[in-house]
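Trainee: Here it is: the structure, laid out below.
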Amino acid sequence: MWCLSCNTLSDTLLCPACKKKLAALSFAQLYEHRCPTCGTPVLDPLYGCEFCQDALLSYGVYDGVLEHLITGYKHAGHIQSAWLLAELFVPLVARFGCPILIPIPSSRSGRRSLGYDHMALVTWILCKKMNLRSIRLLAQQPKGQYTLLSRTQRQQTSNLVFRQKAVRRMDSLVRSQDNAFLILDDIYTTGNTCRRARELIQSTWDIPVGFCMLARA
150 MWCLSCNTLS
160 DTLLCPACKK
170 KLAALSFAQL
180 YEHRCPTCGT
190 PVLDPLYGCE
200 FCQDALLSYG
210 VYDGVLEHLI
220 TGYKHAGHIQ
230 SAWLLAELFV
240 PLVARFGCPI
250 LIPIPSSRSG
260 RRSLGYDHMA
270 LVTWILCKKM
280 NLRSIRLLAQ
290 QPKGQYTLLS
300 RTQRQQTSNL
310 VFRQKAVRRM
320 DSLVRSQDNA
330 FLILDDIYTT
340 GNTCRRAREL
350 IQSTWDIPVG
360 FCMLARA
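With this note's numbering, letter number 102 in the sequence shown gets 251, and the count goes up by one each step, no holes.
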């Protein structure tokens with residue numbers, strides 16, 4: 150087989166050299182400081198910890214091998230990458246205990262192009278690996294001109310809605326007060342999509358919701 154990042158001949162999905170490069174992009178290796186409260190890697194303890202302050206965790210920097218894996222999976226149909234990306238989520242999700250996972254949905258055009266919802270597939274694999282549950286609670290309305298908006302305009306709008314057939318199941322999950330909920334997405338750019346998703350969920354059910362991302366752009 151061929152390495153999914155550098156296309157060299159490899160016995161595994163990622164060659165040994167690319168595995169090392171991927172690990173080097175993780176915040177666990179990039180940041181020498183740790184939050185004194187929870188131990189999460191932080192750039193500087195004086196800036197505060199996103200896990201403590203906002204229930205947010207991410208694997209690493211959107212660059213190099215990690216960028217190749219995500220873009221190849223998300224835009225070029227490299228479906229084998231789903232298993233590698235799910236593996237990166239495992240230690241992050243474990244920090245939240247046994248949450249119910251809520252993937253950010255693909256756009257309609259993305260699903261048509263790939264034939265699958267990229268975060269829903271990663272979430273399904275992750276649930277199998279960790280014996281967790283998930284709910285596909287959210288859907289994206291047709292984007293229209295959303296992709297042409299500026300960064301500021303994107304921060305002020307959202308095209309997320311509830312999938313109506315999932316709302317009743319969510320009601321049931323919320324009634325069981327032992328459940329925690331965690332939003333999963335691939336790339337954290339402005340943070341708008343995940344914040345809007347959390348606002349939508351919390352305004353309906355008044356529950357805490359965490360964030361878990363693969364990469365920070």
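In this text, a Cβ means the ideal position worked out from N, Cα and C, and glycines have one as well. Keep in mind the model is a prediction, meaning the values are calculated, not measured.
Going by CA-CA distance only, name the one from HIS224, ILE274, LYS278 that's closest to SER262.
Mentor: Put simply, of HIS224, ILE274, LYS278 the residue whose alpha carbon is nearest the alpha carbon of SER262 is HIS224.
Trainee: Taking 8 angstroms as the threshold (C-beta atoms), are LEU192 and PRO248 in contact?
Mentor: The Cβ atoms of PRO248 and LEU192 do not sit closer than 8 angstroms to each other.
Trainee: Taking just the CA atoms, how far does LEU195 sit from TRP151?
Mentor: 43 angstroms
Trainee: Buried or exposed: ASP212, going by 16 or more other Cβ atoms within 10 Å of its Cβ?
Mentor: exposed
Trainee: At which residue ranges does the segment 230–304 contain complete alpha helix (DSSP H) runs of 4 or more residues, listed in the order of the chain?
Mentor: 230–243, 257–263, 267–279, 300–304
Trainee: Starting from TYR337, follow its DSSP beta bridges and name the residues at the other end.
Mentor: The beta-bridge partner set that DSSP reports for TYR337 consists of ARG365.
Trainee: Out of TYR180, LEU218, LEU179, which has the shortest C-alpha to C-alpha gap to CYS164?
Mentor: LEU218
Trainee: Taking the alpha-carbon positions, what's the GLY264 to ASN341 distance?
Mentor: 26 angstroms
Trainee: Kindly list the residues whose CB is nearer than 6 angstroms to the CB of LEU205, restricted to its own chain and excluding five residues on each side of it in sequence; keep chain order.
Mentor: Answer for LEU205: GLU199, PHE360, listed in chain order.
Trainee: Do the segment 237–244 and the segment 272–285 make contact, defined as three or more Cβ pairs closer than 8 angstroms?
Mentor: yes
Trainee: Specify the secondary structure class of ARG312 as computed by DSSP and reduced to three states.
Mentor: coil
Trainee: Measure the CB-CB distance between TYR208 and LEU322 and report whether it falls below 8 angstroms.
Mentor: no
Trainee: Take GLN229 and list the residues in its own chain whose beta-carbon comes closer than 7 angstroms to its own, dropping the five residues that flank it on each side.
Mentor: LEU153, LEU162
Trainee: If you draw a straight line from the alpha carbon of ARG324 to that of CYS276, how long is it in whole angstroms?
Mentor: 21 angstroms
Trainee: If I measure Cβ to Cβ from LEU179 and keep anything under 8 angstroms in the same chain, skipping five residues before and after, which residues do I get?
Mentor: ALA173, PRO190, GLY209, VAL210
Trainee: If I measure Cβ to Cβ from ARG365 and keep anything under 7 angstroms in the same chain, skipping five residues before and after, which residues do I get?
Mentor: SER207, VAL210, TYR211, TYR337
Trainee: Can you tell me where the alpha helix (DSSP H) holding TYR208 begins and where it ends?
Mentor: Premise fails: TYR208 lies in the beta strand (DSSP E), 205–210, not in any alpha helix (DSSP H).
Trainee: For LEU286 and ARG345, I'd like the C-alpha separation in whole angstroms.
Mentor: Each residue's alpha carbon lies about 13 angstroms from the other.
Trainee: What would DSSP say about PRO190, mapped onto helix, strand or coil?
Mentor: strand
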